[in-house]
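In numbering that gives the first Met the number 0, the protein residues as written are 0 to 430.
C-beta: ideal position from N, C-alpha, C; glycine also.
Source: prediction; values computed, not measured.
Below: the structure, in structure tokens.
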Amino acid sequence: MEADHDHPKPPHDSAELEELRARVAVLEDRAPARHRPRARSFLAVLLVLVAAVLTPLSIVSSWAKNQISDTDNYVAMMAPLASDPDVQAAVTDRVTGAVMQHLDVKALLSEVSPADRPVLDKALSKLNGPITTGISNFVHGTVEKFVASDAFATIWTDLNRAAQSAAVKALSGSGGGAVKLTDDTVTIDLAPVIDRVKQRLVDRGLGVAAKIPEVHTDFTVLTSDSVGKAQRWFRALQIIGFWLPLVTLVLAAGGVLLAVRRRRALVTAALVVAAGAAVLGLALWVGRAFYLDSLPSGVSQPAAGSVFDALVGQMRALVRMVVTLGIVVALAAWLTGDGRAAGRVMAMWSGGIGAVRDAAGFTGGPVGRWVHRARRPLNWTVVVVAAAVLVAWDRPTGLVTVWIALCALFALAAVEFLDDDSSPHLAVPGG
0 MEADHDHPKP PHDSAELEEL RARVAVLEDR APARHRPRAR SFLAVLLVLV
50 AAVLTPLSIV SSWAKNQISD TDNYVAMMAP LASDPDVQAA VTDRVTGAVM
100 QHLDVKALLS EVSPADRPVL DKALSKLNGP ITTGISNFVH GTVEKFVASD
150 AFATIWTDLN RAAQSAAVKA LSGSGGGAVK LTDDTVTIDL APVIDRVKQR
200 LVDRGLGVAA KIPEVHTDFT VLTSDSVGKA QRWFRALQII GFWLPLVTLV
250 LAAGGVLLAV RRRRALVTAA LVVAAGAAVL GLALWVGRAF YLDSLPSGVS
300 QPAAGSVFDA LVGQMRALVR MVVTLGIVVA LAAWLTGDGR AAGRVMAMWS
350 GGIGAVRDAA GFTGGPVGRW VHRARRPLNW TVVVVAAAVL VAWDRPTGLV
400 TVWIALCALF ALAAVEFLDD DSSPHLAVPG G
């Protein structure tokens, strides 16, 4: 046995042992490396999901800070309602009812002076039915004409400017003046409108209308059982209105940068953020129906619908913008990848425009060579400009979004056409 210990080990055994040790060392080095990508991927997915969840809240907070809390934006948002037929009809009915409640027809007619009687008889002679109905129709027609005038639009704008705190008070509990918050209902006092209507009634021959006392009646801007519950959150939304969208963007970018496959992560992040915005858009659509169904019987549903649409109009525009940008970013990231489908689209794009260029016999010359060298920054410039126009556009509609996309696509096609490189390429960022 001792002799065996003194025998040297065969050379091939030593070599195998060293090789085995080397393999074990390599495996030991690789073991932690397998865990690191898993941890990175998990964190990347988590950041992207958090960004998607925060996207609807970011849109709401931006709307609360920039549209509801800002006086000029709020007035610009509410001013078009002065010419809305449903709002005009609701205001007309409300003011007519308030005026008629303070008109004692018999007493007022007995007080009409002989000088005013012919004018009043002439005005009422065109009206059918009992005298009370005739006067009511006379008042209603006078109010209707005034509400359709520019004078009412001016009063409506001034009233909303002075009462800009309507929605702010509804949600934060602050405000006052012509705005009231009672039992989760926000109302605007129409007394200035009634004063102007009284003067018009006098001018049209109903001189006794001057004896109507000062009348205060309310026009409902917003009513909901959830107004009081939302008060505690609105102030927070005002504070984070600027920072939350920025945090959401940073989280999404962080998730993409941490991902092992960044291009795929960018496509996923863009789509889930767009999905988060789409969820908010769906919630607004469903919430509008529930809101109108829950209104008291005395509130005009068509007018309430117009007011609701005006209040959330900018929020809907933000939803469309985020969804559009998300789809565009996802599409651009996918097209610049190395997938088979993306490759086919790239070949079709370059081949189609190249065929048009060849058929036209176009040679770029110095311009074409410069475009070829600067193709990537040119393409990114087109995309950035299109995105900036979409962001800066005030309440972009679906048609506006389509036109912006078509213009951007035409610009990218022009860059591809002017590029005189004969090899096929795609005129999109990173191509």
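I'd like the span of the alpha helix (DSSP H) that includes residue i, first residue to last.
i: T380; result: R374 to A391
i: Y241; result: Tyr is not the amino acid found at residue 241; the sequence shown has Phe there. Here F241 belongs to no alpha helix (DSSP H), and DSSP marks it neither H nor E.
i: P301; result: Q300 to L334
i: F289; result: R261 to D292
i: V74; result: T70 to M77
Could you tell me the alpha carbon to alpha carbon distance between residue i and residue j, rounded to whole angstroms?
i: V370; j: V259; result: 33 Å
i: L265; j: G367; result: 32 Å
i: P295; j: F307; result: 15 Å
i: G140; j: I239; result: 48 Å
i: W62; j: R203; result: 45 Å
i: S305; j: F218; result: 13 Å
i: F241; j: K64; result: 8 Å
i: F41; j: A282; result: 29 Å
i: A156; j: I187; result: Reading off the sequence shown, one finds Thr at residue 156, where the question assumed Ala. About 12 Å.
i: V388; j: A316; result: 13 Å
i: L48; j: D85; result: 42 Å
i: V255; j: P244; result: 17 Å
i: A43; j: L16; result: 41 Å
i: T247; j: A51; result: 8 Å
i: R213; j: L200; result: The question names Arg, yet the displayed sequence has Glu at residue 213. For E213 and L200, the distance between alpha carbons rounds to 15 Å.
i: S293; j: A303; result: 11 Å
i: F361; j: G351; result: 14 Å
i: F274; j: T400; result: The amino acid occupying residue 274 in the given sequence is Ala; Phe does not appear at that position. Straight-line Cα distance between these residues: approximately 18 Å.
i: G353; j: M347; result: 10 Å
i: V178; j: Y290; result: Confidence is the limiting factor: at V178 the pLDDT is only 49, short of 50, which leaves the residue's position unreliable and the question unanswerable from this model.
i: N378; j: L405; result: 14 Å
i: W284; j: P376; result: 40 Å
i: A32; j: R20; result: Caution is warranted here: a pLDDT of 47 is assigned to A32, below 50, making its placement in the model unreliable, and the coordinate value is therefore given only provisionally. Cα-Cα distance, rounded: 19 Å.
Below 6 Å CB to CB, which residues in the same chain sit around residue i once its five sequence neighbours on both sides are set aside?
i: A269; result: G325, V328 and A329
i: S299; result: A89
i: V321; result: A276
i: E18; result: none
i: A407; result: V381 and A385
i: P191; result: I154
i: T95; result: V138, H139 and V142
i: L46; result: L250, G253 and G254
Among the options, which residue has its Cα nearest to the Cα of residue i?
i: Q313; options: Q100, A391 and F137; result: A391
i: M345; options: V306, L411 and F289; result: L411
i: A89; options: R37, A51 and V146; result: V146
i: N159; options: A81, I58, V196 and L317; result: A81
i: T91; options: I193, G351, V44 and M347; result: I193
i: R287; options: G297, V271 and V311; result: V311
i: M76; options: A354, G338, A309 and I403; result: A309
i: T153; options: V285, A407, P79 and A51; result: P79
i: R356; options: A303, Q87 and A413; result: A413
i: Q432; options: H215, V142 and L250; result: Residue 432 lies beyond the residue range present for the chain, which begins at 0 and ends at 430; the question has no answer from this structure.
i: D83; options: P301, A274 and A97; result: P301
i: R37; options: R20, H101 and L257; result: L257
i: H101; options: I211, A21 and F409; result: I211
Put residue i into one of helix, strand or coil per three-state DSSP.
i: D157; result: helix
i: F409; result: helix
i: F145; result: helix
i: T219; result: strand
i: D188; result: strand
i: G338; result: coil
i: G254; result: helix
i: D92; result: helix
i: P295; result: coil
i: D194; result: helix
i: I352; result: helix
i: E18; result: helix
i: A30; result: Confidence at A30 is low in this model, with a pLDDT of 49, below 50, so its placement is unreliable and no value can be given for it.
i: E213; result: coil
i: H139; result: helix
i: H101; result: coil
i: G360; result: coil
i: D418; result: coil
Going by beta carbon distance, what residues of the same chain come within less than 7 Å of residue i, once the five residues before and after it are set aside?
i: M99; result: S135 and V138
i: R93; result: L189, T216 and F218
i: A97; result: I193, V214 and T216
For residue i, decide whether its Cβ has a neighbour in chain C, counting only Cβ atoms nearer than 8 Å.
i: I58; result: Here chain C cannot be found, since the structure has a single protein chain.
Using a Cβ-Cβ cut-off of 8 Å (strictly less than) and excluding sequence neighbours within five positions of residue i, which residues of its own chain qualify?
i: L279; result: T54, P55, I58, V59, M314 and V318
i: A386; result: L324 and V327
i: A150; result: R195
i: A30; result: Note that A30 scores 49 on pLDDT, short of 50, meaning its location in the model is unreliable; the coordinates nonetheless yield the value given after this. Nothing meets the Cβ criterion.
i: G297; result: none
i: I403; result: A385, V388, L389, W392 and P395
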